[in-house]
Amino acid sequence: MSWNRIGALRLLIVACALLLPACNQTPTEITPLPRAVGEVQAILVDVTSLQPLDPGTDGIYYLWALLERNESQSLGAFNIGASGQMVDTSGAPLGEFRSDQFSLRETLRMLITIESDAEAPSAPSGMQMLSGTFIEGVATLTVPISSAIMSASGSVQIFTPTDGPDTNETSGFWMVDGNGDPSVSLPDTTAALIYETFIDINGSSLGVGRFDRSDQADDLCRFCADDAPAPERPGEDLLVNAPDGLTFPASLAGARITVSLEGRTFDFFPRSQLIVLEGFVPVGVTPRTLLPLINRTDSFPSGTAILF
Amino acid sequence: MKLRSLPAALLLIGLALAPNAANASPAGSLIPPTADEENNRRGAGTVGLFDLQQTIRRSDRPPSDPVGGFQISLIGAVQMRGSASGQAGIAFSYFKRSTGNVGIEFEGGMTRGPNGQINHGLISFIFQSGGRSSKLAPYLAVGGGIFHANERLRDRVVEALPTFGIEPMEGLETGPLIAFGLGFRFYLSEKVSFRADYREMKAITSGSGSLFNRLFSLRRIGGFLSFQL
Chain A
1 MSWNRIGALR LLIVACALLL PACNQTPTEI TPLPRAVGEV QAILVDVTSL QPLDPGTDGI
61 YYLWALLERN ESQSLGAFNI GASGQMVDTS GAPLGEFRSD QFSLRETLRM LITIESDAEA
121 PSAPSGMQML SGTFIEGVAT LTVPISSAIM SASGSVQIFT PTDGPDTNET SGFWMVDGNG
181 DPSVSLPDTT AALIYETFID INGSSLGVGR FDRSDQADDL CRFCADDAPA PERPGEDLLV
241 NAPDGLTFPA SLAGARITVS LEGRTFDFFP RSQLIVLEGF VPVGVTPRTL LPLINRTDSF
301 PSGTAILF
Chain B
309 MKLRSLPAAL LLIGLALAPN AANASPAGSL IPPTADEENN RRGAGTVGLF DLQQTIRRSD
369 RPPSDPVGGF QISLIGAVQM RGSASGQAGI AFSYFKRSTG NVGIEFEGGM TRGPNGQINH
429 GLISFIFQSG GRSSKLAPYL AVGGGIFHAN ERLRDRVVEA LPTFGIEPME GLETGPLIAF
489 GLGFRFYLSE KVSFRADYRE MKAITSGSGS LFNRLFSLRR IGGFLSFQL
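Okay, structure coming up:
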């Protein structure tokens, strides 16, 4: 082996020894230099209209960083304080999230879920509340469903088809108009979220069925009679199998009907805070009345996240 | 042209400027030149690498030396930290004429990151091996310098920061650099060479904590297109 080759080999060995401990050096404080080349010290998050959760019954919010190849990293749990600001699990104000498990710069999207498990889950599995994609370092967080939800509308018809005509006609409601067509217009659901109808009656809140499309039946008719077929639309007759505290056939007068977005695989709480449509049945309602449902998506939570 | 494609561009430019590169190869010819050819070549005042290999004494310096002397280099590189920002620069260097193995290099560069710009100046000592006997010469570089960072937040971030009660402002930072690295120089011709360069530049930032906690690694992979002066 020539002198030059030995010399080159020595150079390489010395250089490798110098370079090995130099990998992934990042200062504990991000100053203008690292930030100029794109390093991120923290993710700042601000949310509005998220409701406080009771961890024992409602679960807890989790913030997730979504990375390439569908990888996700938890940035921690949080709750909402009395004045609407983000707080940590001990109630201290919280506005930024850091991690030493991965480089925050690699975050492509943000996701906020409600998880039922007090221990940190390894991946987002609860109800998806807010999500957003980082563009130029900023992500606008919205409920992860089509923006057409903002123009959702419709009505319910008061009648009870499952016990035949002209019997207990104010004990049921269905999302069908006089021609049998869907009376509610809703955008398509997602893999994570599904619509669910609730009725609040005499102090009880009853989930009466989940559905993806308003032109198809929902998945429940547990209080319906079986004397006649139900419409192939979401709805319910409150005629049989009354839960404790209620008497069926029930009068819907004064009842509240809602259509909300719920976690498709998450049923930890009875009704989420993502109410899409809401209607109230007036006292003295007459059968076959088309009761309007009001769009409530203006109360949806929203937020902003910054890679900073 | 994006800055990150500069290293490849420099190599292509170098190849284009070196039409006689093949002639400089040690394997270019197996037939020794005749005495007349040798005299003609010396009369022209240039000696190629092939000729250098035939010199008996290593310290013999030919009239036109592709290894020793002054060089000017164009630098194109990619900053490996952060968002793979592009870097461009220029360097002046001098290599010891007697051996060509040791050189000193003054480098200035600019890095455009997503949130600002970094300028740096660097003085490096280059220890090179095999330049007189091979077209491919590995080298080691050690040096130090200074950086100046000008942080400019993106417009969307500037617009959103007040939501968090943070007043957006530009950040400036200046500090020292420690640099070391390695590479290979490839002689394209007597006058032109290309260097593939890996450089670990440790910036000592102005943050809090110990020196170790203030280091930021500005890792760079790039190319130098060097011209012998």
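So the protein lines, in turn, are chains A and B. Numbering of the first sequence is given in the numbering used here, commencing with residue 1 and proceeding in unit increments. Numbering of the second sequence is given in the numbering used here, commencing with residue 309 and proceeding in unit increments. Don't be surprised by glycine CBs; every beta carbon is placed ideally from N, CA and C.
Just how far apart, CA to CA, sit residue i and residue j?
i                            : j                            : result
phenylalanine 488 of chain B : leucine 448 of chain B       : 8 angstroms
leucine 293 of chain A       : serine 214 of chain A        : 14 angstroms
leucine 50 of chain A        : glycine 137 of chain A       : 23 angstroms
asparagine 295 of chain A    : threonine 190 of chain A     : 19 angstroms
alanine 77 of chain A        : aspartate 88 of chain A      : 7 angstroms
threonine 142 of chain A     : valine 45 of chain A         : 13 angstroms
threonine 57 of chain A      : proline 270 of chain A       : 10 angstroms
alanine 504 of chain B       : phenylalanine 492 of chain B : 5 angstroms
serine 534 of chain B        : serine 381 of chain B        : 4 angstroms
leucine 104 of chain A       : alanine 445 of chain B       : 39 angstroms
alanine 102 of chain A       : leucine 108 of chain A       : A small correction: the amino acid at residue 102 of chain A is phenylalanine; alanine does not occupy that position in the sequence shown. Cα to Cα, phenylalanine 102 of chain A sits roughly 13 angstroms from leucine 108 of chain A.
methionine 388 of chain B    : valine 40 of chain A         : 15 angstroms
serine 518 of chain B        : threonine 31 of chain A      : 15 angstroms
phenylalanine 455 of chain B : asparagine 427 of chain B    : 6 angstroms
threonine 258 of chain A     : serine 83 of chain A         : 26 angstroms
leucine 307 of chain A       : serine 131 of chain A        : 15 angstroms
serine 367 of chain B        : serine 442 of chain B        : Because the pLDDT of serine 367 of chain B is 49, which lies under 50, any placement of that residue in the model is unreliable, and the question is left without a value.
leucine 485 of chain B       : leucine 461 of chain B       : 24 angstroms
leucine 246 of chain A       : asparagine 202 of chain A    : 7 angstroms
threonine 482 of chain B     : alanine 457 of chain B       : 6 angstroms
serine 525 of chain B        : alanine 139 of chain A       : 28 angstroms
For residue i, which three-state DSSP category applies?
i                            : result
serine 333 of chain B        : Here the model assigns serine 333 of chain B a pLDDT of 39, short of 50, so the residue's position is not dependable, and the following value carries that caveat. DSSP places serine 333 of chain B in coil when its eight states are reduced to three.
methionine 127 of chain A    : strand
aspartate 359 of chain B     : Reliability fails at aspartate 359 of chain B, whose pLDDT of 49 lies under 50, so the model's placement of it is uncertain and the value that follows must be treated cautiously. Here aspartate 359 of chain B sits in helix by DSSP.
alanine 468 of chain B       : helix
leucine 496 of chain B       : coil
arginine 296 of chain A      : coil
phenylalanine 309 of chain A : With chain A represented from 1 up to 308, any question about residue 309 of chain A goes unanswered, as that position is not in the structure.
leucine 291 of chain A       : strand
leucine 220 of chain A       : coil
leucine 490 of chain B       : strand
alanine 399 of chain B       : strand
phenylalanine 520 of chain B : helix
aspartate 463 of chain B     : helix
valine 285 of chain A        : coil
lysine 404 of chain B        : coil
methionine 477 of chain B    : coil
threonine 190 of chain A     : coil
phenylalanine 435 of chain B : strand
glycine 384 of chain B       : strand
asparagine 427 of chain B    : strand
valine 375 of chain B        : coil
alanine 225 of chain A       : coil
glycine 209 of chain A       : strand
alanine 247 of chain A       : Before going on, a small fix: residue 247 of chain A reads as threonine here, not alanine. Correct three-state label for threonine 247 of chain A: coil.
valine 240 of chain A        : coil
proline 446 of chain B       : strand
Can you round the beta-carbon distance between residue i and residue j to whole angstroms, since I take them to be within the 8 angstroms contact cut?
i                       : j                       : result
glycine 515 of chain B  : arginine 522 of chain B : 5 angstroms
serine 116 of chain A   : glycine 59 of chain A   : 4 angstroms
arginine 527 of chain B : alanine 385 of chain B  : Not quite, the Cβ-Cβ distance comes to about 10 angstroms (not below 8 angstroms), so this is no contact.
Can you tell me which residues form a DSSP beta bridge with residue i?
i                        : result
glutamine 507 of chain B : Reading off the sequence, residue 507 of chain B comes out as arginine, not glutamine. In the DSSP output, where bridge partners are listed per residue, arginine 507 of chain B has B:Gly489, B:Arg528.
proline 484 of chain B   : B:Ile454
serine 302 of chain A    : A:Thr48
Task: Length at least 4, wholly inside the segment 16-89 of chain A: the alpha helix (DSSP H) runs in chain order - done: Complete alpha helix (DSSP H) runs here, min 4: 32-36.
Open item on the list: For a minimum of 3 consecutive residues, which ranges assigned as the beta strand (DSSP E) are wholly contained in the segment 91-173 of chain A?
Closed with: 109-115, 127-135, 138-141, 153-158
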